[in-house]
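In my numbering, the protein residues as written are 894 to 1178.
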């Protein structure tokens, strides 16, 4: 179990490893392109070599790419759905070139088309995205907070999507993993505040999706309460989940192979080091 943060790749992806090391990361997450839109910067051989060398120099064991914010596999507009699949496929290919472990994304909102049709579009889009993909970077569905008819806030929904994408195609079996965001899960009604609550939530996840699918944890406290469907991250211990919940997650043996990435607010220079220090204390080193 290793800990890290989402760090900036402004000025070039090769700069991200040093920024990660500076705040105490052992792993890190970044955007490989602007999260707001526009073409992806070219990954020249020189940049790729520098990125990999800097990861090694800065002792960053794994790296992860977060997809842009504008992704919506459930949009009513064909061009948005198709571009979403195309952009994530590009990110998977870029991740494979850079040696990144995962690319995670939110699936989008079905507000325009309704839940049933939105689910159909999501499955179609993920199949299109993964068709013929042979890279090493794995795609993760990030669990959502459920606001605005966002797809992927319930374990049953995510399990259904994975099953429908993978069934009937041996090449797609076990290709999709899950990113477990503590703030989103809590906002969706899954309690993480106590040892018993964490155990119950993980058992439910295992029964419905399977803990073998849980590849990465976004470790964020929640500014709002259980089941309020509001995606507002807070510093560890300053939100409604609380330190007892995070201590239990870190010390739960079922999660020993899952790394934690904080996406907590960056209000001050020392925020990331403080939040990472809390997790390292719970781990015991």
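C-beta atoms are modelled at their ideal positions from N, C-alpha and C, and glycine is treated no differently. Please read all numbers here as calculations on a predicted model, not as lab measurements.
Residues of its chain near residue i, where Cβ-Cβ distance is below 7 Å and the 5 sequence neighbours each way are ignored
i: residue 903; result: none
i: residue 993; result: 956, 957, 958, 1030
Simplified DSSP assignment, three categories, for residue i
i: residue 911; result: helix
i: residue 894; result: coil
i: residue 944; result: helix
i: residue 996; result: strand
i: residue 975; result: helix
i: residue 1135; result: coil
i: residue 1077; result: helix
i: residue 989; result: helix
i: residue 984; result: helix
i: residue 905; result: coil
i: residue 916; result: coil
i: residue 1084; result: coil
i: residue 1148; result: helix
i: residue 1068; result: coil
For residue i: DSSP bridge partner residues
i: residue 1002; result: 1043
i: residue 922; result: 899, 957
i: residue 1110; result: 1073, 1153
i: residue 1126; result: 1115
6 Å Cβ shell around residue i - same chain, five flanking residues per side excluded
i: residue 1165; result: 898, 916
i: residue 1000; result: 966, 1015, 1044, 1045
i: residue 1133; result: 1115, 1118
i: residue 1155; result: 898, 1112, 1168
i: residue 1039; result: 1046, 1081, 1122
i: residue 900; result: 909, 912, 913, 921, 923
First through last residue of the beta strand (DSSP E) which encompasses residue i
i: residue 1154; result: 1152 to 1155
Endpoints, alpha helix (DSSP H) assigned at residue i
i: residue 1089; result: 1088 to 1101
i: residue 1171; result: 1164 to 1176
i: residue 1010; result: 1008 to 1023
Residues near residue i by beta carbon distance below 8 Å, same chain, minus five either side
i: residue 1070; result: 995, 1031, 1032, 1033, 1034, 1106, 1107, 1108, 1109
i: residue 935; result: none
i: residue 1090; result: 1084, 1138
List in chain order: all unbroken beta strand (DSSP E) runs of 3+ residues lying wholly within the stretch 1025 to 1059.
1031 to 1035
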